[in-house]
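Asks:
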Amino acid sequence: MPAEGYRQRAIDYYAAGIDGLSLWDTHARRTRASEWSMIRRLGHCQELEGWEADTASLFQRTTLRTFQGITTDRA
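Taking our numbering, the leading residue of the sequence shown gets 577, the next gets one more, and so forth.
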């Protein structure tokens, strides 16, 4: 499930009256790094509504082109 799906479900569950969430085996469940970035934040029920804009950019990869002046694009 995408990060936004986790966020929206948590909001719905909190609105329905749950006290908290419990997740286990999350290392096997997650297929995207952005999912884990959202899953670890789900306990912050007061702040979930404001994170809608953040879900697309929770975790982004950037290609490393140089490191201390050394080009990394060649094997």
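Glycine included, every Cβ here is placed at the ideal spot set by N, Cα and C.
Quick check on DSSP: helix, strand or coil for Ile587?
Replies: Three-state result, Ile587: helix.
Asks: Determine the direct distance from the alpha carbon of Ala604 to that of Thr639, and round the result to whole angstroms.
Replies: Distance between the alpha carbons of Thr639 and Ala604: 26 Å.
Asks: For Ile594, which three-state DSSP category applies?
Replies: If DSSP states are grouped into helix, strand and coil, Ile594 belongs with coil.
Asks: Looking at the strands, I want to know which residues DSSP matches up with Thr642.
Replies: Paired residues: Thr647.
Asks: What whole-angstrom Cβ distance do Gly619 and Gly593 have, given they're in contact under 8 Å?
Replies: About 16 Å separates the two Cβ atoms, so there is no contact after all.
Asks: Around the Cβ of Ser610, are there at least 16 other Cβ atoms within 10 angstroms (buried) or fewer (exposed)?
Replies: Buried, by the Cβ-count rule.
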